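See structure below.
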Amino acid sequence: MNDALLMHRLHFGFTVTFHYLFPQLTMGLAPLIVLLKTMYLRTDNALYNRAARFWARIFGISFVMGVVTGIPMEFQFGTNWSHFSRVTGGVIGQPLVMEGVFSFFLESAFLGLFLFGERRLSRVGHWWAGFAVFVGTWLSGFFIIVTDAWMQNPVAFHRAADGSFQVTSFWGLLFNPWALVQYAHNMCGALITGVFVMAAVGAFYLLEGKFVEDGRAFLKLAVIVGIVACVLQIFPTGDLHGRLVASRQPATMAAMEGLFKTQAGAPIVILGQPDAESERIDNPLVANRVLSYLLYGTTTAQVKGLNEFPRTDWPTNIPLLYYSYHIMAGLGTVFIAVMTICAFLLWRRKLYETRWMLWVVLLCLPLPHIANTAGWMTAEVGRQPWLVFGLMRTAEGYSKYVHAGNTLFTLLGFMGLYAVLAILFLFLVHRIIARGPLEEAGHEVEAGVPLTVS
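Take any residue in the sequence shown, count from 1 to its spot, add 61: that is its number in my numbering.
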């Protein structure tokens, strides 16, 4: 790999990884805020309205950070990946424009109404504003994933005389089977981020002994939604995604699992270190025949190994792909275990007093961000060496007249700027959490509105 290509990949990889820390939180919080507003309408308990207002402020800060870090990515298609943009723009341009016109504008406009228009809207009208924010947020994720899914599984296109890709079926592009499965899996991951952040703040309040009723409300809602999201993340969405990768990108699946030789009754490697040069897994801890069963529903099925494919078509960084996938899968198992224990303790009415479990929930705060990042690394590293799978290699798509030194200079600038943004984000969110929900609606407490949660 030449230096310029490496720097372009590092530059885009850094910006997209940092950017996605924020949308996964907004996409995860949006349905939770709608649920809080719904509970307020149904129970007339001001605690839920106060909670919705509290989380809307954190949503708003995350939304702004997502916008600020997302805009440079649009320009990088032209500055760092000009040939890719020129050749594929007839396809990927359509969902990207729809993301901006339909979902981003919807989300941003109604977010303003939700944050600043509560006193001018009726209670039902304010609920609809929150619901529109939720729809816009999740539509935004859908159009972005449609773009990525086409790169993973190209459909509904033809090659024009000049070599460019053009759409032949707009609906075929939107309902790409890969997009539907990837979207479901991704949104479950985002929802897990939202519930763990909400649960961690609730656990923090209970451990500190302040805003106790709010902490209980946060924790209860997060656990109920979280147990569902964690199960759906593994089955059916994770299971379907794995089967799709095995059928459409078998070399990727083999590298993810460290399967260098084709096997009937293939095992799944729980732990181990891949050695791509020697084509083996060192110190493996395996579960025999499990991979064949998971992918094909039978313990005797044959699973293709990397030996079935030319080395030029192998993923370019097998260790990174292998570890990213196993981090994602391992953390997914941790999330199910944590939420199952929390749900059991909640059912037994002991969760709020079980301090060791509250500490576990609090310490899990960064793990969904790590898992989602590892999941996207698995998808994007797994697609290599292709930009458009099977049709355009990564080495063909970058801007060849932008040199490595120029890209490194701008990458260092981005890293410095984004470090400042990260500090600002943490400062603002910390200040909101430290002030607590009571600061948001002190007049409701004075008015004697019931503020309890069982």
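Just so you know, even glycine gets a beta-carbon here, dropped at the ideal spot from N, CA and C.
Keep in mind that this is a model prediction, so the values were computed, not measured.
Which one of the options has the shortest CA to CA distance from residue i?
{"i": "S155", "options": "I205, F136 and A65", "result": "Just to set this straight, residue 155 is Gln in the shown sequence, not Ser. Ranking the options by Cα distance to Q155, first place goes to I205."}
{"i": "F203", "options": "V258, A312, Q85 and C291", "result": "Q85"}
{"i": "H246", "options": "A390, M100, A483 and G477", "result": "A390"}
{"i": "T27", "options": "V347, A440, K322 and Y354", "result": "Limits of the chain in this structure are 62 at one end and 515 at the other, which puts residue 27 out of reach."}
{"i": "A264", "options": "I94, Y413 and Q445", "result": "Y413"}
{"i": "N344", "options": "Q334, E338 and R350", "result": "Q334"}
{"i": "T361", "options": "L381, L172 and Q324", "result": "Q324"}
{"i": "L426", "options": "I253, P92, Q227 and L96", "result": "I253"}
{"i": "F83", "options": "M418, K281, D336 and P429", "result": "P429"}
{"i": "A113", "options": "R444, V162 and A190", "result": "A190"}
{"i": "L448", "options": "N110, E274, F145 and A107", "result": "F145"}
{"i": "L472", "options": "N110, M134 and M100", "result": "M134"}
{"i": "I342", "options": "I379, I388, Q213 and G358", "result": "I379"}
{"i": "L97", "options": "R304, A337 and A283", "result": "A283"}
{"i": "F136", "options": "G477, S460, L489 and L320", "result": "S460"}
{"i": "R409", "options": "K281, V258 and F166", "result": "K281"}
{"i": "A495", "options": "E269, F279, E160 and R181", "result": "E269"}
{"i": "F321", "options": "Q243, R372 and G224", "result": "R372"}
{"i": "T313", "options": "V262, N106, F257 and F450", "result": "F450"}
Using a Cβ-Cβ cut-off of 7 angstroms (strictly less than) and excluding sequence neighbours within five positions of residue i, which residues of its own chain qualify?
{"i": "S164", "result": "G197, L200, S201 and F204"}
{"i": "E318", "result": "I329, V330 and L352"}
{"i": "E168", "result": "V194, G197, T198 and S201"}
Near residue i, what residues of its chain come up, given a Cβ to Cβ distance below 6 angstroms and the 5 sequence neighbours on each side ignored?
{"i": "F486", "result": "M126"}
{"i": "L469", "result": "M68"}
{"i": "P446", "result": "T377, R454 and T455"}
{"i": "T149", "result": "F226"}
{"i": "M400", "result": "G287, I288 and C291"}
{"i": "R70", "result": "none"}
{"i": "S385", "result": "A435, M438 and T439"}
Looking only at its chain, what residues have a beta carbon closer than 8 angstroms to the beta carbon of residue i, apart from the 5 residues adjacent to it on each side?
{"i": "L102", "result": "R184, V185 and W188"}
{"i": "L176", "result": "A117, R118 and G121"}
{"i": "T130", "result": "T76, F79, H80, F83, Y479 and L482"}
{"i": "I493", "result": "F115, R118, I119 and I122"}
{"i": "P311", "result": "K365, E369 and F370"}
{"i": "V262", "result": "G276, F279 and I494"}
{"i": "E179", "result": "R114 and H187"}
Opposite residue i in the DSSP bridges: which residues?
{"i": "W447", "result": "R454"}
{"i": "R220", "result": "F226"}
{"i": "A325", "result": "Q363"}
So what does DSSP say about residue i, is it helix, strand or coil?
{"i": "P380", "result": "helix"}
{"i": "F75", "result": "helix"}
{"i": "H464", "result": "coil"}
{"i": "N141", "result": "coil"}
{"i": "R516", "result": "Since the displayed the chain opens at 62 and closes at 515, residue 516 lies outside it and no answer follows."}
{"i": "R409", "result": "coil"}
{"i": "V364", "result": "strand"}
{"i": "R350", "result": "coil"}
{"i": "L332", "result": "strand"}
{"i": "Q213", "result": "helix"}
{"i": "Y479", "result": "helix"}
{"i": "W375", "result": "coil"}
{"i": "Y459", "result": "coil"}
{"i": "L182", "result": "coil"}
{"i": "G503", "result": "Unreliable positioning characterises G503 in this predicted model, as indicated by a pLDDT of 41, which lies under 50. The coordinate reading is nonetheless provided below. Three-state DSSP puts G503 in a helix."}
{"i": "T415", "result": "coil"}
{"i": "Q310", "result": "coil"}
{"i": "C425", "result": "coil"}
{"i": "F488", "result": "helix"}
{"i": "F281", "result": "In the sequence on display, residue 281 carries Lys and not Phe. Looking at K281 - three-state DSSP - the assignment turns out to be helix."}
{"i": "L320", "result": "coil"}
{"i": "L82", "result": "coil"}
{"i": "P238", "result": "helix"}
{"i": "P498", "result": "helix"}
{"i": "D275", "result": "helix"}
{"i": "N63", "result": "coil"}
{"i": "G270", "result": "coil"}
{"i": "F370", "result": "coil"}
{"i": "G358", "result": "coil"}
{"i": "D105", "result": "coil"}
Please report whether the beta-carbon of residue i lies at a distance below 8 angstroms from any beta-carbon of chain B.
{"i": "T76", "result": "As a matter of chain content, chain B is missing from the structure shown, which is built from one protein chain."}
Tell me, to the nearest whole angstrom, how far the beta carbon of residue i is from that of residue j; I am working on the premise that it is less than 8 angstroms.
{"i": "A210", "j": "A240", "result": "4 angstroms"}
{"i": "N141", "j": "F73", "result": "6 angstroms"}
{"i": "G255", "j": "G89", "result": "2 angstroms"}
{"i": "A465", "j": "D64", "result": "4 angstroms"}
{"i": "V292", "j": "I397", "result": "7 angstroms"}
{"i": "V158", "j": "F226", "result": "Their Cβ separation, rounded to whole angstroms, is 16 angstroms, which puts V158 and F226 out of contact at 8 angstroms."}
{"i": "G443", "j": "G250", "result": "With a Cβ gap of about 16 angstroms, G443 and G250 do not count as contacting."}
{"i": "L346", "j": "L356", "result": "The pair is not a contact, with the Cβ atoms about 19 angstroms apart (cut-off 8 angstroms)."}
{"i": "M259", "j": "F272", "result": "Going by Cβ atoms, the distance from M259 to F272 rounds to 13 angstroms, so no, they are not a contact pair."}
{"i": "L381", "j": "E274", "result": "Contact flag wrong, Cβ pair sits at about 45 angstroms."}
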